[in-house]
Every structure is written in C-alpha cells, then in structure tokens.
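Going from the sequence shown to my numbering is simple: count from 1 and add 1.
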Amino acid sequence: MNTSNRSEVSRSGLEPELGGQLRDAANRSGLEPELGGSLRQRGVYVDELVCIGCKHCAHVARNTFYIEPDYGRARVVRQDGDPEALIQEAMDTCPVDCIHWVDYTHLRQLEAARQYQVIPVVGFPVSKALTIKKRRSKSSD
C-alpha cells in the first residue's frame, strides 16, 4: 500500500508546507495548523423546515446560532462563533434534531438550495415546504 497516496487524500490544503494560503490572510485566528491549531473540516447546518423555534441552540451557543425574526426558526450566524464542544451541546439540546454537521462543500450546496426554500409560518399548512423537502431528499439520494 502506498502511504503517499493516503496522505494526499487526508490533506486539507491548509497545511503550512503547501504555501502561504493562511500566512497571507489578513485576519489570523491563531487556530491555523501552522500555529499548532486545527481548523474544522465541517460546518453546522440548521434544517429550517424541521426547526420548531424552541431556541435551545441559541441559548447554549449564542455566538453560533440566532433565531431568525421573520419565521422564528434557528439559523447559523457564524460557523466559528463557539467551540466545537459547545456547538455539539447545542445540537444535543435540539428536540427535533434539525442541526447537523456537514462537510463545507455540502454546506455550500445546502445554502444555495435554501435560497428558493419556502418556510411556512408556524401554525400554518406546510404543504409547499414539505414538497420542497421531499424533492431535496430525493435529489440527495
């Protein structure tokens, strides 16, 4: 088995030996791999169609989640707002499991699909929203 192929697959592209991608950044957090830290390889996503607006996540991880004022559903406002353990705790408090860890490439796709998402007002019929959710789940399978 060739170990060099395995190491290439596990690379994030942010390693210090691959160039100055992080060195040249204007804002450095101190968590860059070249400084001994680590960057998350996945992001947090809230499925707003499933969210019931209980506000548990926003109370636990205040710098990551907020409640969207128009529909009363949770939304991620900042991916690096809280430590991963605190975000996981917020996810564990969700009674309907609408918060998920997803790969950043998949997160971009989900956010792009959200642009046309119909979010029903709480207490109103959800037929259009369910149709979109079913269509999305069929396309991801």
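Heads up, the beta-carbon is just placed ideally off N, CA and C, and yes, glycines get one too.
- Counting along the chain, the unbroken alpha helix (DSSP H) around ILE88 starts and ends at 85-94.
- In the structure shown, VAL119 adopts coil according to DSSP, grouped into three states.
- For ALA75, the enclosing beta strand (DSSP E) stretches over residues 75-77.
- Judged by beta-carbon spacing, VAL78 lies within the 8 angstroms limit of PHE66, meaning their Cβ atoms are closer than that value.
- Sequence-distant partners of ASP83 (beyond 5 residues in either direction) whose C-beta falls short of 7 angstroms from its own C-beta, in its chain, are ALA62, ASN64, THR65.
- The beta carbons of ILE88 and VAL47 sit about 11 angstroms from each other, so the pair does not count as a contact at 8 angstroms.
- Taking each of TYR105, TYR72, ARG74, ALA113 in turn and checking the Cα distance to GLN80, the smallest one comes out for TYR105.
- In this structure, ILE100 and ALA91 form a Cβ contact; the two beta carbons are roughly 7 angstroms apart against a cut-off of 8 angstroms.
- Rounded to whole angstroms, the separation of the alpha carbons of ALA75 and GLY54 is 6 angstroms.
- In this structure, DSSP gives TYR72 a state outside helix and strand, which the three-state scheme calls coil.
- The three-state reading of DSSP puts VAL45 in strand, counting E and B together.
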